[in-house]
Amino acid sequence: MIDHSLFENTGTAFTLKSDSELERAYFLFKMISSQPLVRIGTAATNFALKANLPVEGLIRSTVFDHFCGGVSEDDCLSVIDKLYTKSVSSVLDYSVEGKETTDQFDGALEKILKIIRFCDERDAMPIVVFKPTGFGRFHLYQKKTEGVDFTIEEQEEWDRVVARFDAVCKLAKEKDVEVLIDGEESWMQDAADDLVEDMMRLYNTDKTIVYNTLQTYRWDRLDYLKALHERAKKEGFKIGIKIVRGAYMEKERSRSDEKGYRSPICETKITTDNNFNSALSYILENLNDISIFIGTHNEESCYLAMELMEKFNISRQDNSIWFGQLYGMSDHISFNLAALGYNVAKYIPFGPVKDVMPYLIRRAEENTSVAGQTSRELALLKSEKRRRKV
Ligand SMILES: Cc1cc2nc3c(=O)[nH]c(=O)nc-3n(C[C@H](O)[C@H](O)[C@H](O)COP(=O)(O)OP(=O)(O)OC[C@H]3O[C@@H](n4cnc5c(N)ncnc54)[C@H](O)[C@@H]3O)c2cc1C
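Residue numbers (our numbering): 145 to 534.
This is the structure in structure tokens:
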């Protein structure tokens, strides 16, 4: 039986935080917990950055340093080394979003290839990640998902997207580094899914290198997983799945409302949770064929995974199971799991302050809107402050 108070150990959770870092984290979550403050702060920051006002220093010393590893991959090295002293691995996440030109996509490709070479030299970095729209225009994925024919130029553009995916997966296979490919909005995701599946076919022959993302807030994903599993068994390739609940719920709902189609999102949180649990169980029961990266801040989901591992006699160090949280969030889960010997990795976002802003704003909004998340972080920080005083 798994003890459901394991994550309460704040001494382990915040072992790497100095007293002043603990205070800063507390102050930050306190600010984020106020919805009006986040709304005003977001608007003011966007305005200040657009108007070139000197606010980067302020952003860096507050939200940026809490949620990001640095501006460049080299900046992140000290964070990566520090986390690894507590057996927590790192997944460098080049979090620059909303880019639309060939040069920018090629630039992102070079970044990821460089990170894979970095990984080759460091045990602390066994995994890399990228977003489909980091390598190609959203509209192109959408058109392909909708089954609309490409023009000749678009087909050439798409071929370059495929070549970028292939370059990453090929080098990753050569260097034995695993590749997570993020999931995005449903109206472009089919094209990404098909492309990732092709990469699995090519590179997951003897072991899992390539992982697609399963967003369980979508009610159709369990069927998708089972169908993918059937194809993989028939054709003889392994599957990698990063399982998450999904980050674009509001956007998905307002688009389906506006356009009048059935929302792809589960109607309630409980349905999403059940879907998550079913997919988790399905994968752990089929671990010979499917590797899993469990991306969640939900404590119950982590306890369930630990229980299922125990039930199916799966070793904590089994390299086909990873737990993952975002840097700056849910350290109580990451550090306690790692201390118990589970495989744990933190996503470490990095990039120029201005370019990382959409990511930071999402984190602030998520912490404001996800019921209980911020109050949980605050309660744990408070309890650790109290423990240190004693
Ligand atoms: C390491 C890592 C990688 C991630 N990668 C991705 C990714 O590639 N793509 C992506 O989309 N997201 C990604 N996420 C974000 C993730 O999808 C969730 O948004 C976030 O983790 C919150 O969910 P939770 O499981 O941690 O916690 P919880 O607080 O238990 O769940 C919150 C989530 O439940 C769902 N939900 C909330 N209310 C409802 C409702 N009324 N009806 C139906 N569903 C509801 C939403 O998905 C919401 O985000 C990642 C998260 C982590 C930690």
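Every residue, glycine too, gets a C-beta built ideally from N, C-alpha and C.
Quiz item: Nearest to Asp-320 by alpha carbon, out of Thr-206, Asp-264, Pro-496, Leu-253?
Solution: Taking the Cα of Asp-320 as reference, the smallest distance to any Cα among Thr-206, Asp-264, Pro-496, Leu-253 is reached at Asp-264.
Quiz item: In whole angstroms, what is the alpha-carbon distance linking Asp-293 and Lys-287?
Solution: Computed Cα separation, rounded: 8 Å.
Quiz item: To which residues of the same chain is Ala-268 closer than 8 Å at the C-beta, ignoring the five residues directly before and after it?
Solution: Closer than 8 Å at the Cβ level, and outside the excluded window around Ala-268, lie Ile-224, Asp-225, Leu-227, Tyr-228, Ser-233, Ser-234.
Quiz item: Grouping DSSP H, G and I as helix and E and B as strand, with all else coil, what is Asn-421?
Solution: Three-state result, Asn-421: helix.
Self-check item: contact_flag[the segment 357-373, the segment 303-316] where n(CB pairs < 8 Å) is 3 or more
Solution: Counting Cβ pairs under 8 Å, fewer than three are found: no touch.
Exercise. Determine the direct distance from the alpha carbon of Phe-420 to that of Ile-458, and round the result to whole angstroms.
Key: So the alpha carbons of these two residues sit roughly 19 Å apart.
Quiz item: Would Ile-271 pass as a contact of Leu-324 if the rule is Cβ separation under 8 Å?
Solution: Cβ atoms of Ile-271 and Leu-324: closer than 8 Å.
Quiz item: For Gly-384, which residues does DSSP report across the bridge?
Solution: DSSP, once it has assigned bridges, lists Ser-435 as partnering Gly-384.
Exercise. Would you check whether ligand 1 has a heavy atom nearer than 7 Å to the C-beta of Ser-445?
Key: Result yes, Cβ under 7 Å from ligand 1.
Quiz item: Going by the C-beta, is Gln-179 closer than 7 Å to any heavy atom of ligand 1?
Solution: In this structure, Gln-179 has its CB at a distance of at least 7 Å from all heavy atoms of ligand 1.
Self-check item: Inter-residue Cα distance where the pair is Ala-335 and Pro-408
Solution: For Ala-335 and Pro-408, the gap between their C-alpha atoms comes out near 16 Å.
Exercise. Determine the direct distance from the alpha carbon of Trp-302 to that of Gly-291, and round the result to whole angstroms.
Key: One C-alpha to the other measures close to 14 Å.
Exercise. Could you pull the start and end residues of the alpha helix (DSSP H) that Asn-480 belongs to?
Key: Here the alpha helix (DSSP H) through Asn-480 covers 475-483.
Practice problem: Return yes when the Cβ of Arg-375 is within less than 8 Å of the Cβ of Ala-423, no when it is not. | Solution: The answer is no: Cβ separation not under 8 Å.
Self-check item: contact_flag[the segment 443-450, the segment 391-398] where n(CB pairs < 8 Å) is 3 or more
Solution: Result no; under three Cβ-Cβ pairs closer than 8 Å.
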